[in-house]
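*Asks:* Here you go, one structure.
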Ligand code: BG6
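In the working numbering, the protein residues as written are 92 to 410.
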């Protein structure tokens with residue numbers, strides 16, 4: 092019988108909101124938001140985010156730069172996307188515990204475990220966000236590399252996709268019985284229309300170490316950063332992670348980068364000459380379409396005592 096005023100308990104059950112689609116195929120995990128079609132793809136090697144397709148102004152487009160020559164079989168770090176740098180940034184000094192590790196450490200070439208997905212981390216309604224969790228430990232890391240740095244650690248890396256944003260966070264835990272020092276950095280390759288009309292705000296009047304000039308300490312002029320040549324700088328904002336960063340194209344804001352507990356920011360573009368020494372960078376003209384904005388803690392060592400943990404994160408937002 093069709094009753095006009097059904098008691099609410101008898102009303103048709105509301106359909107469950109659509110869930111994000113998550114697939115693990117081979118060594119890649121992809122997640123797609125049903126609400127917007129936005130997606131993220133993560134390679135188990137390095138838990139490297141390879142792709143973030145975000146929606147802005149009705150345009151669903153790739154937001155990360157990935158080299159056409161990127162090697163994705165785990166034999167090399169991925170050139171592009173978001174590699175995770177741990178426990179050393181750059182080439183290690185010779186007199187510290189990370190001395191034997193390769194540039195940027197062991198995490199980006201180790202195969203991480205996919206720990207699963209959850210849908211409740213984001214701020215929106217169910218189905219409007221998805222989180223993918225990845226784990227790495229001293230026991231599961233590439234043995235040839237972990238043998239070079241004898242500490243017991245666990246890493247939890249969480250990749251959260253929401254409409255218009257991507258958040259990646261890392262928790263580093265000392266699971267052993269001796270303290271260790273580390274750097275950590277999220278090596279984000281943002282895709283830009285044209286590096287010559289790209290500017291970065293939020294780092295004006297900030298001290299930086301200029302790797303292009305032998306790590307010389309300099310202070311950024313007030314205002315935006317523009318790009319006219321090879322750029323490789325470690326910025327140390329006085330306000331630490333509080334300072335928001337905006338990347339603009341021809342004066343229009345494109346990306347917001349906010350940070351939790353990652354006080355430093357590396358800004359890198361190899362430009363037209365140096366790019367030729369980066370073998371897996373293709374096409375070479377691709378330097379025009381990328382800008383690395385890399386939140387991290389790299390200008391000094393963080394120390395973790397046994398059972399202590401460190402957490403840091405970046406939030407990339409489409410503006
Ligand atoms: C940046 C460094 O973070 O990474 C640069 O500041 C380096 O000095 C760049 O060239 C790329 O490093 P790699 O090891 O991926 O070639």
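Ideal Cβ placement from N, Cα and C applies to all residues, glycine included.
Do residue 400 and residue 160 have their CB atoms nearer than 8 angstroms?
*Replies:* Their beta carbons are not under 8 angstroms apart, which means residue 400 does not touch residue 160 by this criterion.
*Asks:* On the criterion of 16 or more Cβ atoms from any shown chain inside 10 Å, does residue 332 qualify as buried, or is it exposed?
*Replies:* It is buried - the Cβ of residue 332 has at least 16 other Cβ atoms within 10 Å.
*Asks:* Within the same chain, show all residues whose beta-carbon is closer than 7 angstroms to that of residue 394, passing over the 5 residues directly before and after it, in chain order.
*Replies:* For residue 394, where only same-chain residues beyond five positions count, the Cβ hits under 7 angstroms are 270 and 272.
*Asks:* Span of the alpha helix (DSSP H) holding residue 363?
*Replies:* Taken as a continuous stretch (DSSP letters only), the alpha helix (DSSP H) holding residue 363 covers 362–365.
*Asks:* What residue range does the alpha helix (DSSP H) around residue 234 cover?
*Replies:* Note, residue 234: alpha helix (DSSP H), 234–237.
*Asks:* By the 10 Å Cβ neighbour count, where 16 or more other Cβ atoms means buried, how is residue 324 classified, buried or exposed?
*Replies:* That one is buried.
*Asks:* Compute every distance between the C-beta of residue 274 and the non-hydrogen atoms of the ligand BG6, then say whether any falls below 7 angstroms.
*Replies:* It does not: the Cβ of residue 274 is nowhere closer than 7 angstroms to a heavy atom of the ligand BG6.
*Asks:* Indicate, with yes or no, if the ligand BG6 has a heavy atom lying under 7 angstroms from the CB of residue 357.
*Replies:* Because some heavy atom of the ligand BG6 lies under 7 angstroms away, the Cβ of residue 357 counts as near it: yes.
*Asks:* Given this structure, state the Cα-to-Cα distance separating residue 371 from residue 193, to the nearest angstrom.
*Replies:* So the alpha carbons of these two residues sit roughly 17 angstroms apart.
*Asks:* Alpha carbon to alpha carbon, what distance is there between residue 127 and residue 92?
*Replies:* Summary for residue 92: the model assigns pLDDT 44, below 50, so the residue's position carries little reliability; its value from the coordinates is reported in the next sentence. Roughly 39 angstroms between the two C-alpha positions.
*Asks:* Please state whether DSSP places residue 93 in a helix, a strand or coil.
*Replies:* Confidence is the limiting factor: at residue 93 the pLDDT is only 49, short of 50, which leaves the residue's position unreliable, though a coordinate-based value still follows. Three-state result, residue 93: coil.
*Asks:* Tell me the start and end of each unbroken beta strand (DSSP E) in the region 363–397 that is at least 3 residues and wholly inside, in chain order.
*Replies:* 381–395, all fully within the region 363–397.
*Asks:* Going straight from the alpha carbon of residue 279 to that of residue 237, what length do you get?
*Replies:* Using only the alpha carbons, I get a separation of about 24 angstroms.
*Asks:* Are there 16 or more other CB atoms within 10 angstroms of the CB of residue 112, so buried, or fewer, so exposed?
*Replies:* Per the 10 Å Cβ criterion, exposed.
*Asks:* Name the one or two DSSP bridge partners that residue 287 has.
*Replies:* Answer is none; residue 287 lacks a bridge partner.
*Asks:* Which ranges does the beta strand (DSSP E) cover as unbroken runs of at least 3 residues, wholly within the region 265–331, from first to last along the chain?
*Replies:* Runs of the beta strand (DSSP E) inside the region 265–331: 271–277, 279–282, 289–292, 298–301, 307–310 and 322–326.
*Asks:* Let me know if residue 116 comes out buried or exposed under the rule of 16 or more other beta-carbons within 10 Å of its beta-carbon.
*Replies:* It counts as exposed.
*Asks:* Using the beta-carbon count (16 or more within 10 Å), is residue 153 buried or exposed?
*Replies:* The residue is exposed, with fewer than 16 neighbouring Cβ atoms inside 10 Å.
*Asks:* Name the DSSP bridge partner or partners of residue 114?
*Replies:* Looking at the DSSP assignment, residue 114 forms a beta bridge with 121.
*Asks:* What residue range is occupied by the uninterrupted beta strand (DSSP E) comprising residue 150?
*Replies:* Unbroken beta strand (DSSP E) run through residue 150: 150–153.
*Asks:* Please determine, among 122, 205, 248 and 402, the residue with the shortest C-alpha to C-alpha distance to residue 220.
*Replies:* Of the candidates 122, 205, 248 and 402, the one whose C-alpha sits nearest the C-alpha of residue 220 is 122.
*Asks:* Roughly how many angstroms separate the alpha carbons of residue 132 and residue 385, rounded to a whole number?
*Replies:* Rounded to whole angstroms, residue 132 to residue 385 spans 19 angstroms at the Cα level.
*Asks:* So, with DSSP's three-state summary, where would you put residue 129?
*Replies:* If DSSP states are grouped into helix, strand and coil, residue 129 belongs with coil.
*Asks:* With respect to 7 angstroms, is the separation between the Cβ of residue 369 and the closest non-hydrogen atom of the ligand BG6 below this value?
*Replies:* Checking every heavy atom of the ligand BG6 against the Cβ of residue 369, one is found closer than 7 angstroms.
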